[in-house]
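Asker:
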Amino acid sequence: MIKLSRDVAGPCLAPRGSVVAIGAFDGLHRGHQALLAEVRERAAALDCEPAVISFEPLPRAYFSPQPVPRLSSVREKLVGFDAAGISQALLLRFNAELAAMTPEAFVRQVLVERLAAREVWVGGDFRFGHKRAGDVALLERMGGELGFVARTMPPVLLHDERVSATRVRELLAAGDFAAAAPLLGRPFVIEGKVEYGNQLGRTLGYPTANIHLHSRVSPVQGIFAVRVGLGDSECAWPGVASLGVRPTVNQVTQPLLEVHLFDFEGDLYGRRMAVEFVAKLRDEQKFDGLDALKAQMDHDARSARSVLGMNPVLARA
Numbered sequence: 005m006i007k008l009s010r011d012v013a014g015p016c017l018a019p020r021g022s023v024v025a026i027g028a029f030d031g032l033h034r035g036h037q038a039l040l041a042e043v044r045e046r047a048a049a050l051d052c053e054p055a056v057i058s059f060e061p062l063p064r065a066y067f068s069p070q071p072v073p074r075l076s077s078v079r080e081k082l083v084g085f086d087a088a089g090i091s092q093a094l095l096l097r098f099n100a101e102l103a104a105m106t107p108e109a110f111v112r113q114v115l116v117e118r119l120a121a122r123e124v125w126v127g128g129d130f131r132f133g134h135k136r137a138g139d140v141a142l143l144e145r146m147g148g149e150l151g152f153v154a155r156t157m158p159p160v161l162l163h164d165e166r167v168s169a170t171r172v173r174e175l176l177a178a179g180d181f182a183a184a185a186p187l188l189g190r191p192f193v194i195e196g197k198v199e200y201g202n203q204l205g206r207t208l209g210y211p212t213a214n215i216h217l218h219s220r221v222s223p224v225q226g227i228f229a230v231r232v233g234l235g236d237s238e239c240a241w242p243g244v245a246s247l248g249v250r251p252t253v254n255q256v257t258q259p260l261l262e263v264h265l266f267d268f269e270g271d272l273y274g275r276r277m278a279v280e281f282v283a284k285l286r287d288e289q290k291f292d293g294l295d296a297l298k299a300q301m302d303h304d305a306r307s308a309r310s311v312l313g314m315n316p317v318l319a320r321a
């Protein structure tokens, strides 16, 4: 079971020492997976703890004046760390104080005092500390002084393309889920707990399970064919989903994920749901009234059934 800590200051989290990876780890794509596997193997060889340092909010989101899309929630990231065999996660609160910390102070207080690092793994372009003044060369120099080794992870390539969170977000925004999946190492999924809505979908003949994204900004918006997993089950139940701000009824200001499960009966409130995005059907749009919206929903349901290999004739006419 992974142990989570949030603060720069505090007792040493790894008295036996640690092998540490540092990064944003948004999406835990195949490049991240390769890095975490290396950390786990090196920690086993050195008989110490595999650890990660990450940040919430993400630094790029902290400094950006605009909302920044992200591939995974905090919970999804931590679940991914645990599945990768990481035993310590130092999820630092990225705030003004941390942004002002010098690279030298970060190395001494976080890497050495907090995690007793024996090896530190980063990407070759890694920068850290106040005004991004720290780099791999500084890690190597201070490591020689303080007793750890700085190592860089080469880029992971897939069909001669560098795997990166930026590239994955671009593909998802374009609705190219088939191209994004190999870079992620899995289909793109959004997870969450089903919450109560205003039950408008039910009155239109399409009851939906609602997942509020709150402050998270999704890289995808629109109407989609999806497969759904409930609890720990795999994403197998077919459905159609909307992710956006519902412009026709204009009843939400933050993006809402609404999922209609085909031919499903039962109560989903309070249950955890994983929604796998299979294909984008169209962009979100505003309709002239509920009748026009209902007609489009019928069309979307038929399209989704067809994409998912179901008989579209069974959809509501």
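The opening position of the sequence shown corresponds to residue 5 in my numbering, with each subsequent residue numbered one higher. We put the beta carbon where it would ideally sit given N, CA and C, even for glycine. If you're wondering where the values come from, they're calculated on a predicted model, not measured in any experiment.
#1: Roughly how far, in whole angstroms, is the beta-carbon of SER22 from the beta-carbon of GLU53, given that I think they are within contact range, below 8 Å?
#2: Note down, one range per segment and in chain order, each beta strand (DSSP E) of at least 3 residues found wholly within the stretch 8-60.
#3: Quick one, which of ASP139, ALA47, GLU42, PRO63 has its alpha-carbon nearest ASP30's?
#4: Taking the CB atoms as reference points, tell me whether VAL114 and VAL12 lie closer together than 7 Å.
#5: Going by Cα to Cα distance, which pick from GLY189, VAL263, PRO186, GLU174 is closest to VAL224?
#6: By DSSP, does PRO186 sit in helix, in strand, or in coil?
#7: From the DSSP output, in three-state form, read off THR170 for me.
#8: By the DSSP assignment, the beta strand (DSSP E) with GLY243 in it spans what residues?
#9: Could you give the residue range of the beta strand (DSSP E) that holds LEU285?
#10: Round the Cβ separation of ALA93 and ARG44 to the nearest angstrom and send it over; I've been treating them as touching at under 8 Å.
#11: Among the candidates TYR210, ALA245, GLY148, whose CA atom is the shortest distance from the CA of VAL193?
#12: Could you tell me how far apart the beta carbons of GLY274 and VAL198 are, in whole angstroms, since I believe they sit closer than 8 Å?
#13: Could you please give the first and the last residue of the uninterrupted beta strand (DSSP E) stretch that includes PHE228?
#14: If you draw a straight line from the C-alpha of ALA326 to the C-alpha of ARG166, how long is it?
#15: Reducing DSSP to helix, strand and coil, say where LYS197 ends up.
#16: Excluding the 5 residues preceding and the 5 following VAL282 in the sequence, name in chain order all residues of the same chain whose CB lies nearer than 8 Å to its CB.
#17: Buried or exposed: TYR200, going by 16 or more other Cβ atoms within 10 Å of its Cβ?
#18: Leaving out five residues on either side along the sequence, give the residues of the same chain with a beta carbon under 8 Å from the beta carbon of THR170.
#19: Of the residues VAL72, ASP236, ILE57, ARG145, which one's Cα is nearest the Cα of CYS81?
#20: From what residue to what residue does the beta strand (DSSP E) around ARG122 run?
#21: Does the stretch 154-165 come within contact of the stretch 121-137, defined as at least 3 CB pairs closer than 8 Å?
#22: Does the beta-carbon of MET5 have 16 or more other beta-carbons within 10 angstroms, so that it is buried, or is it exposed?
#23: Tell me where the alpha helix (DSSP H) around HIS303 begins and ends.
#24: Starting from the N-terminal side, write out each stretch of the beta strand (DSSP E) that is 3 residues or longer and does not extend beyond the stretch 129-172.
#25: Would you report the Cα separation of LEU119 and ALA18, rounded to the nearest angstrom?
#26: Is ALA87 helix, strand or coil by DSSP?
#27: Cβ of GLU288 within 7 Å of Cβ of GLY226?
#28: Specify the secondary structure class of ARG320 as computed by DSSP and reduced to three states.
#29: DSSP on ALA109, reduced to helix/strand/coil?
#30: From what residue to what residue does the beta strand (DSSP E) around ARG97 run?
#31: Check whether the Cβ atoms of LEU162 and PRO186 lie closer than 7 Å to each other.
#32: Using C-beta distances below 6 Å, list every residue in its chain close to ALA308, excluding the 5 sequence neighbours before and after it, in chain order.
#33: Pick from GLY235, ASN315, LEU75: whose alpha carbon is nearest that of ASP267?
#34: Would you call PRO259 buried or exposed, if buried means 16 or more other Cβ atoms sit within 10 Å of its Cβ?
Answerer: Based on what the coordinates show:
#1: On the sequence shown, residue 22 is found 18 positions in, with the first residue counted as 1. On the sequence shown, residue 53 is found 49 positions in, with the first residue counted as 1. Rounded, the Cβ-Cβ distance is 4 Å, consistent with contact.
#2: 22-26, 53-60
#3: To locate residue 30, count along the sequence shown from 1; it is residue 26. It is PRO63 whose Cα lies nearest to the Cα of ASP30.
#4: As a working note, residue 114 is residue 110 in the sequence shown. As a working note, residue 12 is residue 8 in the sequence shown. Yes, Cβ-Cβ distance for VAL114 and VAL12 is below 7 Å.
#5: On the sequence shown, position 220 is the one that residue 224 refers to. Checked all of GLY189, VAL263, PRO186, GLU174; the closest Cα to VAL224 is GLU174.
#6: Counted from its first residue, the sequence shown places residue 186 at position 182. PRO186 sits in a helix when the DSSP states are folded into three classes.
#7: Position 166 of the sequence shown, counted from the start, is the residue given in the question as residue 170. The answer is helix: DSSP assigns THR170 an H, G or I state.
#8: Numbered from 1 along the sequence shown, position 239 holds the residue referred to as residue 243. 241-248 is the span of the beta strand (DSSP E), which, as asked, contains GLY243.
#9: Counting from one through the sequence shown, the residue named residue 285 turns up at place 281. Counting along the chain, the beta strand (DSSP E) containing LEU285 begins and ends at 276-286.
#10: Translated into positions along the sequence shown, residue 93 becomes position 89. Translated into positions along the sequence shown, residue 44 becomes position 40. Not quite, the Cβ-Cβ distance comes to about 13 Å (not below 8 Å), so this is no contact.
#11: Along the sequence shown, one-based indexing puts residue 193 at 189. Nearest C-alpha to VAL193: ALA245.
#12: Here residue 274 is taken as the residue at index 270 of the sequence shown, counted from 1. Here residue 198 is taken as the residue at index 194 of the sequence shown, counted from 1. Going by Cβ atoms, the distance from GLY274 to VAL198 rounds to 6 Å, so yes, they are a contact pair.
#13: In the sequence shown, counting from the first residue as 1, residue 228 sits at position 224. That run of the beta strand (DSSP E) goes 226-234.
#14: The structure shown has nothing for residue 326, since the chain only spans 5 to 321.
#15: The sequence position of residue 197 within the sequence shown is 193, counting from 1. In the three-state reduction of the DSSP assignment, LYS197 falls in the strand class, which pools E and B.
#16: Position 278 of the sequence shown, counted from the first residue, corresponds to residue 282. Only PHE181, PRO191, PHE228, ALA229, VAL230, ARG231, VAL311, LEU312 meet the Cβ criterion.
#17: Numbered from 1 along the sequence shown, position 196 holds the residue referred to as residue 200. The residue is exposed, with fewer than 16 neighbouring Cβ atoms inside 10 Å.
#18: Within the sequence shown, the letter at position 166 stands for residue 170. Excluding positions up to five away in sequence, the list is empty.
#19: In the sequence shown, the residue the question calls residue 81 occupies position 77. Correcting the residue type first, residue 81 is Lys in the shown sequence and not Cys. Looking at the Cα atoms, ILE57 is the closest of the given residues.
#20: Taking the first residue of the sequence shown as 1, we reach residue 122 at position 118. Note, ARG122: beta strand (DSSP E), 121-127.
#21: Note that the stretch 154-165 touches the stretch 121-137; at least 3 beta-carbon pairs, one per stretch, sit closer than 8 Å.
#22: Within the sequence shown, the letter at position 1 stands for residue 5. The residue in question, MET5, is exposed, as its Cβ has fewer than 16 Cβ neighbours within 10 Å.
#23: To locate residue 303, count along the sequence shown from 1; it is residue 299. Per DSSP, HIS303 belongs to the alpha helix (DSSP H) from 294-311.
#24: 153-157
#25: Start at 1 with the first residue of the sequence shown, and residue 119 comes out as number 115. Start at 1 with the first residue of the sequence shown, and residue 18 comes out as number 14. Using only the alpha carbons, I get a separation of about 5 Å.
#26: Within the sequence shown, the letter at position 83 stands for residue 87. DSSP places ALA87 in helix when its eight states are reduced to three.
#27: Here the question's residue 288 lines up with position 284 in the sequence shown. Here the question's residue 226 lines up with position 222 in the sequence shown. Contact flag set, yes.
#28: To locate residue 320, count along the sequence shown from 1; it is residue 316. Any reading at ARG320 needs caution, since the residue's pLDDT is 48, under 50, leaving its predicted position unreliable; the model's value is listed next. Three-state DSSP puts ARG320 in coil, outside helix and strand.
#29: By one-based count along the sequence shown, residue 109 stands at place 105. If DSSP states are grouped into helix, strand and coil, ALA109 belongs with the helices.
#30: In the sequence shown, counting from the first residue as 1, residue 97 sits at position 93. Where ARG97 is concerned, the enclosing beta strand (DSSP E) stretches over 92-97.
#31: Reading the sequence shown from its first residue, position 158 is the one you call residue 162. Reading the sequence shown from its first residue, position 182 is the one you call residue 186. Going by C-beta atoms, LEU162 is nearer than 7 Å to PRO186.
#32: Here residue 308 refers to the residue found at position 304 when the sequence shown is read from its first residue. Result list for ALA308: ALA229, VAL244, in chain order.
#33: Walking along the sequence shown from the start, residue 267 turns up at place 263. Checked all of GLY235, ASN315, LEU75; the closest Cα to ASP267 is ASN315.
#34: Start at 1 with the first residue of the sequence shown, and residue 259 comes out as number 255. Classification of PRO259: buried, given that the 10 Å Cβ count is 16 or more.
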